[in-house]
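Enquirer: Structure provided below as structure tokens; questions to follow.
2 protein chains.
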Amino acid sequence: MPVLAGGLLAALTVAFGTAVAFAPKPRITWEHREVQLLRFHEPGIYNYSALLLSEDQGTLYIGAREAVFAVNALNVSEKQHEVYWRVSEGKRAKCAEKGKSKQTECLNYIRVLQPLSATALYVCGTNAFQPTCDHLNLTSFTFLGRNEDGKGRCPFDPAHSYTSVMVDGELYTGTSYNFLGSEPVISRSSAHSPLRTEYAIPWLNEPKFVFADVIRKSPAEGEDDRVYFFFTEVSVEYEFVFRLQIPRIARVCKGDQGGLRTLQKKWTSFLKAKLICSRRDGSLVFNVLRDVFVLRAPDLKAPVFYALFAPQLNNVGLSAVCAYDLSTAEDVFSHGKYMQSATVEHSHTKWVRYNGPVPRPRPGACIDSETRAANYTSSLNLPDKTLQFVKDHPLMDGSVMPVDNRPRLVKKDVNYTQIVVDRTRALDGTAYDVMFVSTDQGALHKAVSLENTVHLIEETQLFQDFEPVQTLVLSSKKGWGSVYAGSRSGVVQAPLAFCGKHGSCEDCVLARDPYCVWSPSAAACVALPQAEGDARGLIQDMRGDTSVCPAWPPKPSPPPGSSSLSCPGPAAPSSPRSPWLASGAGPSGRSPVALLPPFLRDQAQHVPRMGTFHLFCVPPGPADIRLIWEKDGRALETCVPVQTHMLPDGRAHALSWLRDAIPEGAEYRCSVLSSAGNVTSKVRVAVARAEATHQEHWSRELSAWRAVVGEHSRMMQSWRQAWESCSQDAP
Amino acid sequence: MPVLAGGLLAALTVAFGTAVAFAPKPRITWEHREVQLLRFHEPGIYNYSALLLSEDQGTLYIGAREAVFAVNALNVSEKQHEVYWRVSEGKRAKCAEKGKSKQTECLNYIRVLQPLSATALYVCGTNAFQPTCDHLNLTSFTFLGRNEDGKGRCPFDPAHSYTSVMVDGELYTGTSYNFLGSEPVISRSSAHSPLRTEYAIPWLNEPKFVFADVIRKSPAEGEDDRVYFFFTEVSVEYEFVFRLQIPRIARVCKGDQGGLRTLQKKWTSFLKAKLICSRRDGSLVFNVLRDVFVLRAPDLKAPVFYALFAPQLNNVGLSAVCAYDLSTAEDVFSHGKYMQSATVEHSHTKWVRYNGPVPRPRPGACIDSETRAANYTSSLNLPDKTLQFVKDHPLMDGSVMPVDNRPRLVKKDVNYTQIVVDRTRALDGTAYDVMFVSTDQGALHKAVSLENTVHLIEETQLFQDFEPVQTLVLSSKKGWGSVYAGSRSGVVQAPLAFCGKHGSCEDCVLARDPYCVWSPSAAACVALPQAEGDARGLIQDMRGDTSVCPAWPPKPSPPPGSSSLSCPGPAAPSSPRSPWLASGAGPSGRSPVALLPPFLRDQAQHVPRMGTFHLFCVPPGPADIRLIWEKDGRALETCVPVQTHMLPDGRAHALSWLRDAIPEGAEYRCSVLSSAGNVTSKVRVAVARAEATHQEHWSRELSAWRAVVGEHSRMMQSWRQAWESCSQDAP
């Protein structure tokens, strides 16, 4: 039966969104060996999944499987201390009897690594399904052997989710309470006031815990500190063919003491709300939370949560980052309506907005000056009505929406695992939130929001074995900033930027990296805080406009037979840059050989919208040939590889391939400058309607291949002719 | 905060499914110019979206915008008749006044093209937002000018959805009833008993109609014929952050006369149910219906519906096909429970299963022998209780699940638009349902289910302009089978198979196309029904085992400087195939030049699971070099392009690139056979964990490029040396 073109287009538009802006591929990829990375790996030790940074001490503590290490935070390859916490053979056997794997699951996975005091850490491990906690003395770097029961602080099963934060010496944890993992709990371990959640579906419904942190209030405000928990759980308020996951932000008040009778030793301040991260038109819905980072900065009135998501449904490789103002969340908790469970037809429940009267003091609110003024000085004083209400209504009706009501970043074909964010100032003082997101293939992407788009500055391959990054920690100490990544196999330390890799002012500007500026005095691209001397001379342009760069002496041609990255700026093609130009002849003394055009025009193609394609520019010519790529009349932003080979007759053979992905048709030009003149070849690349299949794309790919091979054939034929004439000359 | 490796893996497993089997890329792609396609296009006429095939008359009727054509069904390029139904200028102006586009929307889009009798068609068009119907006399090929009001039979707006089927001279339609498109309707146009749906959300909730057809019951069964409708609508029973779409199968009974008082002139037999198409683990949910095809065959007890779906959420290019037994649907309607709307907290509704008593006769059931025996001879006799019940309970509780409870085909990176299915018998008598699915880029994919996988036999680029295929029709007349595809720009006719394109027995077997067999007597790959002569000698193996092919004389080497498709079979590398081998010397008389290995080993790489990669085999050698690719010790199934260039010194330069996508690591070998001996180079391609990013893939891509360029450099250096020695010899 027929399909409406209009209807289909409309459907496709809805499917793709009126403004589908998936983040592009990273502009530069740093292969493992290209950049300076420091690594830590202890032979025989795996799962470097707990990282704790002490910037004051300059130490990075690493909780791995059956071991804790202290390494130099400036250089993680320098191990300072180590201590082992192995599971005894007996314990492993006992664990294996319960049906667990002796080689893996029945080992001791460190799950809690928190500061206890200036000289001790609080450490918990799964300990062969017998979760145990201890104190680690930092002076002797030994465990005290306290053997505390870890139930509720640490999961039994290394496969189960967990999160924890130490607040004023007390540990707040979200994890599973039992061996099977069927009883989730958010609890506070405290000598005088331990608290936990109710074991009830409305409170926690098969949660996967992701993150927890404390938000301090200023004492002047008279308000209580809050501890926020982030997790994904099964939704009670939504329904589809299958159970739907829903991301939650939940909070409790630090001063909570539980109730006197109702909610005795239970949270009286536990409230949770939906965290929404989706495109406004509903075409992309990200409802599985992967990680959260709390961005605090002096110039931010309130902290901003950066949350990393994946979709539950139809996830063929999709990730998104949404940012939330803390005040948005607090509004929902402090002023929003509650949800209520209503019974339907005796046996069904539906969660709907509760519009009825709400007891006072407000259920779930922290004890603040207002509450104290009403004579409720502690949660133990709260009236039963309030306590009963919050026990039955932990879920708020309102949703916590992201800043600007849309994601900060949406990327296809990637599974991001962790996120950290550094707020930094560019040269002109503008603040940029630089997002570092790690992938499940061991890479790190660095992205920044620019005007209306997201710019993926670079990708760095941290782990050569492509193992997923399990944890990410940021040290943004000025001038010494690093990102630390933990995986199954080790810890890698990377600088916040690789400014030095940009060899020219143009490259430095085109990178559009807020950390990097061009220093004319040093004639180098350097990290902004480190730039010494005259700050007025520094050059940076976050729009990538290289006209801010001073005119320079020409770059020397690449040495023969070498490969390089050609990152041309908007230099006028009329000023070739070779030092040999004056002579007008090649180095071997023969008359200059004619320049052949690059035959770019043979590569006209249709490409999918935003589908990657290659263009090849293969001009043989004199030794001093230099290629310049242009797109729609402007110099390219990306770097284009060039291979140059010198030939004996003064000719050079250059092969350059350009990779791009475009939303709409564009005209590309490859200009070749040389002493024999300048030649330009151009081609128009059109964008096929909607998204073409990869099959289409690969057909184009092969066509491009054939074009190159054809070009090579022609060259070989011309060489054959030269050969034949030469051999005819020979005796 | 740390991420569990286990948790992440579990999450990824859930996300990707324990057995994520996306259909692979088509094995062969036929470019537009490679194959025999017939096309019809009338200059100035667009939107060839209504196709009606009359196999008896051998005619294909085409309803386009403002025109109806009759073309030869055996060759659509032969126009037989044409008639125009243009909108008058006055009508267009009037339509434009209502805010519509004079150039496009205000024209006459043919939406109904149905057989009325042996000599007439029933035709309706939007007619500048004044839907009108008429009879087309097939003898004179002129419209009678009846100017019937098309409301309810044809939409006003060409962008609105529609479907219709003619049953015993009466038209059953699903479309919108009004100008705005806000009132959906399923209706029967009838002189004596016109019927329509209630205008109520429980009956139809913003539906997008896709397909309708009649299922006849045998008179002996005493049952009524049913008319089924397929559409996607907004779900009342599900809820998420955004409104959820849900595919529906609905049915009415042909004998329905409406009720006497309640449901007067309304359907008394309208029932609908959810159509589910998703992976069993819920990771992929396809809830937008695109097209339906009813497969009828003598060997099928009951018809099978093949339905084509796309996902509403996170659709970055995903399509699925699910097949349904008609009996499954009928069970849900005839024996299943109903859903009931329950009011919650005064203002909300929730749809739940209705468990209470159900009136008799069963609400919504057709009048059958049992009902008649109870004295209800017509719907006009049905008791009010039954009628009131079905008026309030049109939605069944049960879901209609696909055969085997899973999709027949799931494909990434493609948007399928239409489907037809042909049930055919292979040589050994096994029946195969061959699925023809068209894409929104003007291509046609042919797929068949083999054992536990889906085999994408081939892709054919039907439309050079990459326009979406709007409609697909199948003629499976034995020996003359064709697929007809309509798009905005024309109609293309393609054969069901391109058997003749497979030049060898091996290629014919490797194609695994149920239509194609190898005929030794004809020494050709031919379509099965056409194979004449000795059917016992015919060869076919749907597992692709080419050992069924007899041993053959060697294929001649490709001519010099040509490109070809090399599809080697499992020939032993020890028997080279060149006719020049006996001489032991190249054609130019020089001593044979040594064979260089292909340096395949430099291309070791990690690839994403099922991610496409290339391997290049670039061996220079004597003129008679012949390449053979092997994978894991077996000859390849796919065809590998080879470019060969002859050089004056008796050498040849060959360039061959292999494209593949693998689920797990494999070892590839490129063997070069020649008079100078045989050389093999091999490489192992490993599969990176989970899905790697395209970035990773492109890095590998560039590495492979560099390897080729490196190889070329080495060759050029050796030629340079030869040049230098030659030029030194020169005077």
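For the record, the sequence lines run as chains W and H. Just so you know, we're using this note's numbering here: the first sequence kicks off at 84 and counts up by one. Just so you know, we're using this note's numbering here: the second sequence kicks off at 84 and counts up by one. Don't be surprised by glycine CBs; every beta carbon is placed ideally from N, CA and C. Note that the structure is a prediction, hence the values are computed from the model and not measured.
At 3 residues or longer, what runs of the beta strand (DSSP E) sit wholly inside the stretch 531 to 583 of chain H?
Expert: As far as the stretch 531 to 583 of chain H is concerned, its whole beta strand (DSSP E) runs of at least 3 residues are 536 to 544, 552 to 558, 565 to 570, 574 to 578.
Enquirer: Does the structure place the stretch 334 to 349 of chain W close enough to the stretch 457 to 475 of chain W that three or more beta carbon pairs sit under 8 Å?
Expert: Touching, per the Cβ criterion.
Enquirer: Taking all protein chains shown into account, do 16 or more other C-beta atoms lie within 10 angstroms of the C-beta of Ile145 of chain W, making it buried, or fewer, making it exposed?
Expert: Position 62 of the first sequence, counted from the start, is the residue given in the question as residue 145 of chain W. When all chains shown are included, Ile145 of chain W counts as buried.
Enquirer: Given that a residue counts as buried once 16 or more other Cβ atoms are within 10 Å of its Cβ, and exposed if not, what is Ser200 of chain W?
Expert: Within the first sequence, residue 200 of chain W is the residue found at index 117, counting from 1. Classification of Ser200 of chain W: exposed, given that the 10 Å Cβ count is below 16.
Enquirer: When the Cα of Pro816 of chain H is compared with those of H:Thr112, H:Gly586, H:Gln544, which residue comes out closest?
Expert: No answer is possible for residue 816 of chain H: the residues shown for chain H start at 84 and end at 814.
Enquirer: Would you please state the rounded distance, in angstroms, between the beta carbons of Gly439 of chain H and Asp505 of chain H? I believe it to be under 8 Å.
Expert: Your numbering for residue 439 of chain H matches position 356 in the second sequence. Your numbering for residue 505 of chain H matches position 422 in the second sequence. Gly439 of chain H to Asp505 of chain H, Cβ: 46 Å. No contact.
Enquirer: Can you pull the DSSP bridge partners for Ser137 of chain H?
Expert: Against the second sequence, residue 137 of chain H aligns to sequence position 54. DSSP lists H:Thr142 as partners of Ser137 of chain H.
Enquirer: What residues in its chain sit with their C-beta under 7 Å from that of Leu227 of chain W, if we drop five residues either side in the sequence?
Expert: Along the first sequence, read from residue 1 onward, the residue named residue 227 of chain W stands at position 144. Here the set comprises Asp217, His218, Asn220.
Enquirer: Below 9 Å on C-beta distance, what does Ala610 of chain H contact in chain W?
Expert: Mapped onto the second sequence, residue 610 of chain H falls at position 527. By Cβ distance, chain W contributes nothing, its closest Cβ being about 24 Å from Ala610 of chain H, past 9 Å.
Enquirer: Is the Cβ-Cβ distance between Lys183 of chain W and Ser244 of chain W less than 9 Å?
Expert: Here the question's residue 183 of chain W lines up with position 100 in the first sequence. Here the question's residue 244 of chain W lines up with position 161 in the first sequence. Contact: no.
Enquirer: Near Lys420 of chain W, what residues of its chain come up, given a Cβ to Cβ distance below 8 Å and the 5 sequence neighbours on each side ignored?
Expert: As a working note, residue 420 of chain W is residue 337 in the first sequence. Around Lys420 of chain W: Arg436, Tyr437, Asn438, Met479, Asp480, Gly481.
Enquirer: So that I know if they touch, is there some Cβ in chain H lying closer than 9 Å to that of Ala425 of chain W?
Expert: As a first step, residue 425 of chain W is located in the first sequence; it is residue number 342 there, counting from the start. Interface residue, yes.
Enquirer: Apply the 10 Å Cβ neighbour rule to Trp610 of chain W and answer buried if 16 or more other Cβ atoms are within range, or exposed otherwise.
Expert: Residue numbering aside, residue 610 of chain W sits at position 527 when the first sequence is read from its first letter. Correcting the residue identity first, residue 610 of chain W is Ala in this sequence and not Trp. When all chains shown are included, Ala610 of chain W counts as buried.
Enquirer: Excluding five sequence neighbours on each side, which residues of the same chain lie with their C-beta closer than 6 Å to the C-beta of Val317 of chain W?
Expert: What you label residue 317 of chain W is simply residue 234 of the first sequence in a count that begins at 1. Answer for Val317 of chain W: Asn288, Glu289, Arg326, listed in chain order.
Enquirer: Closer than 9 Å, CB to CB, is Arg838 of chain W near chain H or not?
Expert: Chain W is shown from 84 up to 814; residue 838 of chain W falls before or after that span and cannot be answered.
Enquirer: Between Val768 of chain H and chain W, is any beta-carbon pair separated by less than 9 Å?
Expert: In the second sequence, counting from the first residue as 1, residue 768 of chain H sits at position 685. No - not a single Cβ of chain W is within 9 Å of the one on Val768 of chain H.
Enquirer: Using the beta-carbon of each residue, which ones in chain W are nearer than 7 Å to Tyr205 of chain H?
Expert: Numbered from its first residue, the second sequence carries residue 205 of chain H at position 122. What Tyr205 of chain H touches in chain W: nothing, since even the nearest Cβ is about 16 Å away.
Enquirer: Closest to Ala176 of chain H by CA distance: which of H:Cys189, H:Ile711, H:Arg194 is it?
Expert: Sequence index remark: in the second sequence, residue 176 of chain H carries index 93 (1-based). Minimum Cα distance to Ala176 of chain H is reached at H:Cys189.
Enquirer: Could you give the distance in angstroms between the alpha-carbon of Ala211 of chain W and the alpha-carbon of Leu196 of chain W?
Expert: Mapped onto the first sequence, residue 211 of chain W falls at position 128. Mapped onto the first sequence, residue 196 of chain W falls at position 113. Cα-Cα distance, rounded: 18 Å.
Enquirer: So which residues of chain H does Ile359 of chain W contact, with C-beta pairs closer than 7 Å?
Expert: Taking the first residue of the first sequence as position 1, residue 359 of chain W is located at position 276. Near Ile359 of chain W (Cβ distances below 7 Å), the residues of chain H are Val324.
Enquirer: Hey, how far is the Cα of Val206 of chain W from the Cα of Pro267 of chain W?
Expert: Within the first sequence, numbered from 1, the residue matching residue 206 of chain W stands at position 123. Within the first sequence, numbered from 1, the residue matching residue 267 of chain W stands at position 184. Looking at the two C-alpha atoms, the distance is approximately 20 Å.
Enquirer: Between Asn438 of chain W and chain H, is the shortest Cβ-Cβ distance under 9 Å, so that the two count as touching?
Expert: Numbered from 1 along the first sequence, position 355 holds the residue referred to as residue 438 of chain W. Yes, its Cβ sits closer than 9 Å to a Cβ of chain H.
Enquirer: Do you know offhand how far Leu579 of chain H's Cα is from Glu534 of chain H's?
Expert: As a working note, residue 579 of chain H is residue 496 in the second sequence. As a working note, residue 534 of chain H is residue 451 in the second sequence. Their backbone Cα atoms lie some 22 Å apart in a straight line.
Enquirer: Hey, is Gly233 of chain W's beta-carbon within less than 9 Å of any beta-carbon in chain H?
Expert: The residue labelled residue 233 of chain W in the question sits at position 150 within the first sequence. Taking Cβ atoms only, chain H never reaches closer than 9 Å to Gly233 of chain W, which makes this a no.
Enquirer: For Gly365 of chain H, go through chain W and note every residue whose CB falls closer than 9 Å to its CB, in chain order.
Expert: Taking the second sequence and counting its residues from 1, one reaches residue 365 of chain H at position 282. Within chain W, the residues near Gly365 of chain H are Phe323, Val324, Phe325, Arg326, Gln395, Leu396.
Enquirer: Going by the CB atoms, is the gap between Ile540 of chain H and Cys588 of chain H shorter than 9 Å?
Expert: In the second sequence, counting from the first residue as 1, residue 588 of chain H sits at position 505. In the second sequence, counting from the first residue as 1, residue 540 of chain H sits at position 457. No, Cβ-Cβ distance for Cys588 of chain H and Ile540 of chain H is not below 9 Å.
Enquirer: Looking at the structure shown, is Ser352 of chain H part of a helix, part of a strand, or coil, going by DSSP?
Expert: For the purposes of this step, residue 352 of chain H is taken as the residue at position 269 of the second sequence. Coil at Ser352 of chain H, not helix or strand.
Enquirer: Are Lys108 of chain W and Ala744 of chain W touching if we call contact CB-CB under 9 Å?
Expert: For the purposes of this step, residue 108 of chain W is taken as residue 25 along the first sequence, with counting starting at 1. For the purposes of this step, residue 744 of chain W is taken as residue 661 along the first sequence, with counting starting at 1. Yes.
Enquirer: Note down, in chain order, each residue of its chain lying with its Cβ closer than 7 Å to the Cβ of Leu354 of chain W, except the 5 sequence neighbours on either side.
Expert: Numbered from its first residue, the first sequence carries residue 354 of chain W at position 271. Correct list, in chain order: Ala333, Arg334, Phe416, Gly447, Pro477, Met479.
Enquirer: From Ser815 of chain H to Arg194 of chain W, what distance separates their C-alpha atoms?
Expert: There is no way to answer for residue 815 of chain H, as the model of chain H reaches only from 84 to 814.
Enquirer: Can you find at least 3 beta carbon pairs, one from the stretch 127 to 136 of chain H and one from the stretch 542 to 554 of chain H, that sit closer than 8 Å?
Expert: Taking 8 Å as the limit for Cβ pairs, the verdict is that the stretch 542 to 554 of chain H does touch the stretch 127 to 136 of chain H.
Enquirer: Determine the closest residue to His275 of chain H out of H:Ala104, H:Leu254, H:Ser223, with distance taken between C-alpha atoms.
Expert: Reading the second sequence from its first residue, position 192 is the one you call residue 275 of chain H. Cα-wise, what sits closest to His275 of chain H is H:Leu254.
Enquirer: Could you tell me whether the Cβ of Ser462 of chain W comes closer than 9 Å to any Cβ of chain H?
Expert: In the first sequence, residue 462 of chain W corresponds to position 379, counting from 1. Taking Cβ atoms only, chain H never reaches closer than 9 Å to Ser462 of chain W, which makes this a no.
Enquirer: Using DSSP with H/G/I as helix, E/B as strand and the rest coil, what is His431 of chain H?
Expert: As a position in the second sequence, residue 431 of chain H is number 348, starting the count at 1. In this structure, His431 of chain H counts as strand in the three-state DSSP scheme.
Enquirer: Can you look up Phe313 of chain W in the DSSP assignment and give me helix, strand or coil?
Expert: Within the first sequence, the letter at position 230 stands for residue 313 of chain W. Strand.
Enquirer: How would you label Leu756 of chain W, buried or exposed, when you count the other beta carbons within 10 angstroms and need 16 or more for buried?
Expert: Here residue 756 of chain W refers to the residue found at position 673 of the first sequence. Buried, because 16 or more other Cβ atoms sit within 10 Å of the Cβ of Leu756 of chain W.
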